[in-house]
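Each protein sequence line maps, in turn, to chains V and B.
Here the first sequence is numbered in the UniProt record's numbering, starting from 1 and rising by one per residue.
Here the second sequence is numbered in the UniProt record's numbering, starting from 1 and rising by one per residue.
Backbone N, C-alpha and C fix where the C-beta goes; we use that ideal spot for every residue, glycine too.
Every value quoted in this text rests on a predicted model; they were computed, and no experiment measured them.
For reference, the structure is listed below as structure tokens.
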Amino acid sequence: MAYSEKVVDHYEHPRNVGSMDKDSGDVGTGLVGAPACGDVMKLQIKVSPEGIIEDAKFKTFGCGSAIASSSLVTEWVKGKTLDEAAAIKNTDIAHELALPPVKIHCSVLAEDAIKAAIADYRKKSGQGEDEAEQAAG
Amino acid sequence: MTNITLARAPGQPIYLDYQATTPCDPRVVEKMIPYFFEKFGNPHSRNHRYGWEAEEAVEIGREQVADIIGADAKEIIFTSGATESNNLAIKGVAHFYKDKKDHIVTVVTEHKCVLDTCRHLEQEGFRVTYLPVQTNGLIDLAELEAVVTDKTAIVSVMAVNNEIGVIQPLAEIGAICRKKGAFFHTDCAQAVGKIPLDVNAMNIDLMSISGHKLYGPKGIGALYVRRRPRVRLVPMINGGGQERGMRSGTLATPLCVGLGEACRLAKAEMGAEGERLHMLRDRLLNGLKARLPEIYVNGDLEQRIPGNINISFAFVEGEGLMMGVKDLAVSSGSACTSASLEPSYVLRALGLDAEMAHTSLRFGLGRFTTEADIDYAIGHVAEAVEHLRAMSPLWDMHLEGVDIKSIQWAEH
Ligand SMILES: Cc1ncc(COP(=O)(O)O)c(C=O)c1O
Ligand code: FES
Chain V
1 MAYSEKVVDH
11 YEHPRNVGSM
21 DKDSGDVGTG
31 LVGAPACGDV
41 MKLQIKVSPE
51 GIIEDAKFKT
61 FGCGSAIASS
71 SLVTEWVKGK
81 TLDEAAAIKN
91 TDIAHELALP
101 PVKIHCSVLA
111 EDAIKAAIAD
121 YRKKSGQGED
131 EAEQAAG
Chain B
1 MTNITLARAP
11 GQPIYLDYQA
21 TTPCDPRVVE
31 KMIPYFFEKF
41 GNPHSRNHRY
51 GWEAEEAVEI
61 GREQVADIIG
71 ADAKEIIFTS
81 GATESNNLAI
91 KGVAHFYKDK
101 KDHIVTVVTE
111 HKCVLDTCRH
121 LEQEGFRVTY
131 LPVQTNGLID
141 LAELEAVVTD
151 KTAIVSVMAV
161 NNEIGVIQPL
171 AEIGAICRKK
181 GAFFHTDCAQ
191 AVGKIPLDVN
201 AMNIDLMSIS
211 GHKLYGPKGI
221 GALYVRRRPR
231 VRLVPMINGG
241 GQERGMRSGT
251 LATPLCVGLG
261 EACRLAKAEM
271 GAEGERLHML
281 RDRLLNGLKA
291 RLPEIYVNGD
301 LEQRIPGNIN
311 ISFAFVEGEG
321 LMMGVKDLAV
331 SSGSACTSAS
341 LEPSYVLRAL
351 GLDAEMAHTS
361 LRFGLGRFTT
371 EADIDYAIGH
381 VAEAVEHLRA
391 MSPLWDMHLE
401 GVDIKSIQWA
411 EH
């Protein structure tokens, strides 16, 4: 299968590969997928006291599209509020990377990974989903 | 051995996918060329020279095919390839003997064209036993012996597996079939020209051959059909009764010539070429092992053709890896490369965990593979694996001593 230039670029020069301390209070970790399915993504966000995502890191086991999707979202979430980041849709990722239909699930996984990281951060910082909604409103 | 080289355009990857197909050897092409224009006759035209010279060429080809498997030329039927040969062998025998026998035995790691043919026959009411394989990819002979009965019309076991290159014990299988009175068919698409084959010594009753897997042209193959004791088939293609009535249609003279010449060359060069490939394969495997921890060979390493190695690179997904080894043309057992998103059924049949099946690459070495190709491949693969492991959450867990099986994954 031929990959889009953007997928190749993220694959060859992945942005923000790495890990943060998952036990740190300002870090949220999302681990989604399964090795048996051929794709696992770990996405971590570091959130400022003001609720802004200051940094993001990823590690991905998966195809080129999965790696590119996770690399892309680490770029996108930086500087966003949690709610802005949670609004990122897999279709935006798939569109940006020009993913073919068989690779849509890789972008779905990236969306799941952000949501999981945000949920983890909120749980740790003592905000439930509902409270967070209110805070944003 | 040949000193012909396979030229590569700039940016064209090194070809290491010889189980998918092989280039048609230029010596084969040269032999075929006159039969397109100057000697274009219909080999079945009995009335003039055009026909005679084409027929003579076809018959030489037939003898060359017979010769590489120890058969008689009269026992060779030309077909369009191994897919057709497998269909004809299995359906043809099943249909011919259906009043007396209704059972077929095959193996779970067969090529799709055998498995799909068997599924089709199941729908018609035949019973099919799919034998499992052991972790090395080979069948258990005692298990085979236990399932073959006097109702078994045909046992179909491939000689060499296309993904993992393992060689089934043909002579032992042949002996069991002969003893039990079942015909033995073997898909030798990946075996002819790679390992010595003898239809009599191995008690083979039907054998499928493919041109493009042995440096011959695509679009041609053959089916060996034993004459003594006679194997009978219901043809799939009816018509003018060519090929002893088993496969009607005008033969493609240049393709028959090409298949014959490919067999002649393969037989002449098999010994030396086998040793050369064995050396290159060991060089590849040892080179990779020296650079990379946690790599595993899939399938038996001893009972294996020299031109194949299938390796799982733990914690690195196969399709992602293929993208990284863009200077190599290889294939992967990863689900991501298949439309079904299921990892290779052959690797799963070995008992490999799905996660390991996802991390495999198949390297196919062949006639035009050089030592320089292999040395380049080692460095290139090692770099790609290291690049991807540095990005792999599973590799991190492995380094931290976390057993990835102990984690509750949300499988989808
Ligand atoms: C083991 C095996 N059998 C059958 C086939 C089909 O052969 P052909 O392409 O000649 O139809 C192949 C090739 O993919 C093969 O590897
Ligand atoms: S991770 Fe399997 S297709 Fe993308």
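**OP:** Just the chain V side, please: which residues come within less than 8 Å of B:A390 by C-beta, in chain order?
**Re:** V17
Subject >> Same chain, Cβ closer than 6 Å to B:D198, neighbours up to 5 away in sequence not counted >> reply: Contacts found: G70.
Original post:
Exposed or buried, B:L399, counting other C-beta atoms within 10 Å across all chains shown (16 or more means buried)?
Top reply: exposed
**OP:** Keeping to the same chain, check which residues put their C-beta closer than 7 Å to that of B:T109; ignore five residues upstream and five downstream.
**Re:** Contacts found: V133, G137, N161, V346, A349.
Original post:
Which residues of chain V have a Cβ atom closer than 7 Å to the Cβ of B:H358, listed in chain order?
Top reply: G38
**OP:** Compute every distance between the C-beta of B:M207 and the non-hydrogen atoms of ligand 3, then say whether any falls below 7 Å.
**Re:** The ligand content of the structure shown is limited to ligand 1 and ligand 2, which means ligand 3 is not among them.
Original post:
V:K78 and V:S19: beta carbons closer than 8 Å?
Top reply: no
**OP:** Could you have a look at B:G318 and say whether DSSP puts it in helix, strand or coil?
**Re:** helix
Original post:
By DSSP, does V:R122 sit in helix, in strand, or in coil?
Top reply: DSSP places V:R122 in helix when its eight states are reduced to three.
Subject >> B:I209 and B:A189 closer than 8 Å at C-beta >> reply: yes
Original post:
So which of B:A384, B:F37, B:I176, B:R247 has the shortest CA-CA distance to B:N238?
Top reply: Of all alpha-carbon atoms in B:A384, B:F37, B:I176, B:R247, the one lying nearest the alpha-carbon of B:N238 is that of B:R247.
Subject >> Status (buried if at least 16 other CB within 10 Å, exposed otherwise) for V:K123 >> reply: That one is exposed.
**OP:** Might you give, ordered along the chain, the residues of its own chain that have their beta carbon closer than 8 Å to the beta carbon of B:S332, omitting 5 neighbours on each side?
**Re:** G318, E319, L321, M322, S360, L361, R362
Subject >> Near ligand 1: B:C118 beta-carbon under 7 Å from a heavy atom >> reply: No, ligand 1 has no heavy atom inside 7 Å of this Cβ.
Original post:
At which residues does the alpha helix (DSSP H) containing B:N308 begin and terminate?
Top reply: Counting along the chain, B:N308 falls outside any alpha helix (DSSP H), though it belongs to the beta strand (DSSP E) covering 308–313.
Subject >> B:C187 Cβ short of 7 Å to ligand 1 heavy atom set >> reply: The residue you asked about is not Cys; residue 187 of chain B is Asp in the sequence shown. Indeed, a heavy atom of ligand 1 lies less than 7 Å from the Cβ.
Subject >> DSSP state of B:Y130 mapped onto helix, strand, coil >> reply: The three-state reading of DSSP puts B:Y130 in strand, counting E and B together.
Original post:
Out of curiosity, what's the CA-to-CA distance linking V:A132 and B:A314?
Top reply: No answer about V:A132 holds up, because its pLDDT of 45 lies below 50 and its placement is not dependable.
**OP:** Specify the secondary structure class of B:K213 as computed by DSSP and reduced to three states.
**Re:** helix
Subject >> B:Q12 classed as buried or exposed, judged by whether at least 16 other C-beta atoms fall within 10 angstroms >> reply: exposed
Subject >> Neighbour list for B:A410 in chain V, Cβ cutoff strictly below 8 Å >> reply: Near B:A410 (Cβ distances below 8 Å), the residues of chain V are V32, G33, A34.
Original post:
Exposed or buried, V:M41, counting other C-beta atoms within 10 Å across all chains shown (16 or more means buried)?
Top reply: In the assembly as shown, V:M41 is a buried residue. Its beta-carbon has 16 or more other beta-carbons within 10 Å.
**OP:** Report the partner residues of V:Q44 according to the DSSP bridge assignment.
**Re:** The partner list for V:Q44 (beta bridge, DSSP) reads V:T29, V:K57.
Subject >> B:Q19 classed as buried or exposed, judged by whether at least 16 other C-beta atoms fall within 10 angstroms >> reply: buried
**OP:** Identify, in the order they occur along the chain, each residue of the same chain with its Cβ nearer than 7 Å to the Cβ of B:E84, setting aside the five sequence neighbours on each side.
**Re:** Excluding residues within five positions, the ones whose Cβ falls inside 7 Å are G221.
**OP:** Leaving out five residues on either side along the sequence, give the residues of the same chain with a beta carbon under 6 Å from the beta carbon of B:C177.
**Re:** V155, F184
Subject >> Check: B:M158 C-beta below 7 Å from any heavy atom of ligand 1 >> reply: yes
**OP:** Select from V:Q127, V:G126, V:A66, V:A116 the residue whose C-alpha is nearest the C-alpha of B:A410.
**Re:** V:A116
**OP:** Could you tell me whether the Cβ of B:G347 comes closer than 8 Å to any Cβ of chain V?
**Re:** According to the sequence provided, residue 347 of chain B is Leu. The question's Gly does not apply to it. With 8 Å as the cut-off, B:L347 does not count as an interface residue toward chain V.
Subject >> Any C-beta of chain B under 8 Å from that of V:K115 >> reply: Chain B, which has no Cβ nearer than 8 Å to the Cβ of V:K115, makes this no.
Original post:
For the 8 Å Cβ check, are there 3 or more pairs between the segment 249–258 of chain B and the segment 293–301 of chain B?
Top reply: no
Original post:
Quick one: does V:Y121 have its CB under 8 Å from some CB of chain B?
Top reply: no
Subject >> Reduced DSSP category for V:A136 - H, G, I as helix; E, B as strand; rest coil >> reply: Since pLDDT at V:A136 reaches only 40, below the 50 mark, its modelled position is unreliable, and no value is offered.
Original post:
How about the segment 23–40 of chain B and the segment 53–66 of chain B: do they share at least three Cβ pairs that are nearer than 8 Å?
Top reply: yes
Original post:
Does the segment 103–120 of chain V touch the segment 72–89 of chain V, meaning 3 or more C-beta pairs lie closer than 8 Å?
Top reply: yes
Original post:
Can V:C63 be considered in contact with ligand 1, in the sense that its beta carbon sits closer than 7 Å to one or more heavy atoms?
Top reply: no
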